[in-house]
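Down below is the structure, laid out as structure tokens.
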Amino acid sequence: MMLTVEARHRQGNFALDASFTAEGGVTAIFGRSGSGKSTLLRIIGGLLRPDSGRVALEDRLLLDTGARVSIPVHRRRFGHVFQEPRLFPHLSVRQNLNYGRWFAGLSADRSEFDRVVDLLGLGSLVDRRPGRLSGGEKQRVAIGRALLSSPRMLLMDEPLSALDDQRKAEILPFLERLRDDLKMPILYVSHSVPEVGRLADRVVMLREGRVDAIGTPSEILGIASVETGREAGSVISGRVLRRDPETGLFGIATRAGEVLLASEGLAIGKMVRLRIPAREVLLATQRPEGISALNVLEGHIAGIVPIRSGTMDIRVLCGGDIVHAQITEASVKRLSLAEGTHVFAVIKTVALDQA
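Offset between the sequence shown (1-based) and my numbering: plus 19.
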């Protein structure tokens, strides 16, 4: 399902001028606060009319300012999930969920209700009121309400930004289930590198109201090192091959080579994403020996970019994956690193996150 977006809008001193297409999966609209992410999402959803623009979902024209076409919010068939859950406090979870179908003018569907409740793990919560729910539980209800409106696409505006780290960790697996089980197209606004790395199939990076780059999470989050500093890193995908019964570590087959990961509950054969923080990658020009780090990936340098005074971002091509390392300019000179240099990327297992 293809979404086509062109939007130009001015608010005070800020000017948005952005165009992109999104097709299936999770497309993240990513960038710093104030880059225009939420403004762009509001235009797509019909909550803000731009100075000029065009929005089409597959063969249906939703907005064309030149032709004076503007389909109202409730007829665009987008499911909206905001930073705050916006639940009705006087209604039960069941009633809040069913409000999504009522608002969309749909009749009750018990099988669809049960499917969404099961998908989001809400079975034990349906008779509670929002005041008795945690922040993560409230946001799962808000997502369920959006799904029960039978949308063609979900629009999610930083849905985890109001949650603490524990609640984010609680809800992220449910978002992965949405992506993998429902196959529903999702536009996901965020400035969080870990969230985008874990969820997105494609990233549209905004900078000061304009599309700066479009690509895979690994490509864009590498570029974003200039923007995000210590959050910079790489995202690589692989399949769970084995679990060592003695150490409990999982062996993940990636294009860069086998990577060992300390985790829980991974099934053999499952596809996973790994996030490697750039600050946790060491580089060596010879294969290191006698070290505690268990992951050593062989490759060559594909690019060197200064990111701030005295610090360089090194792109290492390992197999078919790019691994980013942040090291000092002094280390680059001492090791005589340049494009094409054969190197080994050394990563501690404890530094790896399941993205």
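Using N, Cα and C, we set each Cβ at its ideal position, and we do this for glycine too.
Keep in mind the model is a prediction, meaning the values are calculated, not measured.
Distance CB(ILE326)-CB(ARG334) smaller than 7 Å: The sequence position of residue 326 within the sequence shown is 307, counting from 1. The sequence position of residue 334 within the sequence shown is 315, counting from 1. No, these two residues do not count as a Cβ contact at 7 Å.
query: For GLU283, which option in ARG262, GLY85, GLY276 has the closest C-alpha, if you only look at C-alpha atoms?
result: Here residue 283 refers to the residue found at position 264 of the sequence shown. Among ARG262, GLY85, GLY276, the Cα nearest to that of GLU283 is on ARG262.
message: Can you find the residues in the same chain that come closer than 8 Å, C-beta to C-beta, to VAL230, ignoring five residues on each side of it along the sequence?
response: Here residue 230 refers to the residue found at position 211 of the sequence shown. Once the five neighbours on either side are set aside, the close Cβ partners of VAL230 are ALA37, SER38, PHE39, VAL223, MET224.
query: Hey, how far is the Cα of ILE90 from the Cα of GLY65?
result: Taking the sequence shown and counting its residues from 1, one reaches residue 90 at position 71. Taking the sequence shown and counting its residues from 1, one reaches residue 65 at position 46. Cα to Cα, the separation comes out at about 7 Å.
query: Are GLY98 and THR84 close, meaning C-beta to C-beta below 7 Å?
result: Residue numbering aside, residue 98 sits at position 79 when the sequence shown is read from its first letter. Residue numbering aside, residue 84 sits at position 65 when the sequence shown is read from its first letter. Not a contact, by the Cβ cut-off of 7 Å.
- prompt: Nearest to ASN32 by CA position, among GLN102, ALA75, GLU227, is which residue?
  reply: Position 13 of the sequence shown, counted from the start, is the residue given in the question as residue 32. Among GLN102, ALA75, GLU227, the Cα nearest to that of ASN32 belongs to GLU227.
task: Would you grab the beta carbon distance between ASP128 and ARG120 for me? Rounded to a whole angstrom, and I think it's under 8 Å.
output: Translated into the one-based positions of the sequence shown, residue 128 becomes position 109. Translated into the one-based positions of the sequence shown, residue 120 becomes position 101. Going by Cβ atoms, the distance from ASP128 to ARG120 rounds to 7 Å, so yes, they are a contact pair.
- request: Would you check if the distance between the CB atom of GLY252 and the CB atom of ILE295 is smaller than 7 Å?
  value: Residue mapping note: residue 252 aligns to position 233 of the sequence shown, counting from 1. Residue mapping note: residue 295 aligns to position 276 of the sequence shown, counting from 1. Yes, the pair counts as a contact, with Cβ atoms nearer than the cut-off.
message: Using CA atoms only, rank isn't needed, just tell me which of ALA303, SER328, THR360, VAL145 is closest to ILE366.
response: Taking the first residue of the sequence shown as position 1, residue 366 is located at position 347. ILE366 has its Cα closest to that of ALA303, out of ALA303, SER328, THR360, VAL145.
- request: Assign ILE239 to one of three DSSP states: helix, strand, or coil.
  value: Here the question's residue 239 lines up with position 220 in the sequence shown. Three-state result, ILE239: helix.
- prompt: With 16 other CB atoms within 10 Å as the buried threshold, where does PHE49 fall?
  reply: Position 30 of the sequence shown, counted from the first residue, corresponds to residue 49. Flag for PHE49 reads buried.
message: Whole angstroms are fine: how far does the CA of ARG151 sit from the CA of PHE107?
response: Numbered from its first residue, the sequence shown carries residue 107 at position 88. Numbered from its first residue, the sequence shown carries residue 151 at position 132. Answer to the nearest angstrom: the Cα atoms are 13 Å apart.
- request: Measure the CB-CB distance between ILE255 and THR273 and report whether it falls below 7 Å.
  value: Counting from 1 along the sequence shown, the entry for residue 255 is found at position 236. Counting from 1 along the sequence shown, the entry for residue 273 is found at position 254. A contact, by the Cβ cut-off of 7 Å.
query: Short check: CB of LEU194 to CB of ARG164, under 7 Å?
result: Within the sequence shown, the letter at position 175 stands for residue 194. Within the sequence shown, the letter at position 145 stands for residue 164. No; because the gap between Cβ atoms is not below 7 Å, this pair is not in contact.
- request: Within 10 angstroms of the Cβ of GLU358, are there 16 or more other Cβ atoms? Answer buried if so, exposed if not.
  value: Indexing the sequence shown from 1 puts residue 358 at position 339. Per the 10 Å Cβ criterion, exposed.
- prompt: Taking Cβ positions, are GLU348 and GLY329 nearer each other than 7 Å?
  reply: The sequence position of residue 348 within the sequence shown is 329, counting from 1. The sequence position of residue 329 within the sequence shown is 310, counting from 1. The answer is yes: Cβ separation under 7 Å.
- prompt: Going by DSSP, which residues form a beta bridge with THR84?
  reply: What you label residue 84 is simply residue 65 of the sequence shown in a count that begins at 1. DSSP output for THR84 lists no bridge partner at all.
task: Kindly indicate the opening and closing residues of the alpha helix (DSSP H) around ARG96.
output: What you label residue 96 is simply residue 77 of the sequence shown in a count that begins at 1. Unbroken run through ARG96: none, as it is neither H nor E.
- request: Look up PHE101 in the DSSP assignment and say whether it is helix, strand or coil.
  value: As a working mapping, residue 101 is identified with position 82 in the sequence shown. In this structure, PHE101 counts as coil in the three-state DSSP scheme.
task: In angstroms with no decimal places, state the Cα-to-Cα distance between THR266 and VAL362.
output: Your numbering for residue 266 matches position 247 in the sequence shown. Your numbering for residue 362 matches position 343 in the sequence shown. When rounded, the distance between both Cα atoms is 28 Å.
query: Short check: CB of ASP176 to CB of SER57, under 7 Å?
result: For the purposes of this step, residue 176 is identified with residue 157 of the sequence shown, where counting begins at 1. For the purposes of this step, residue 57 is identified with residue 38 of the sequence shown, where counting begins at 1. Yes, they are a contact pair.
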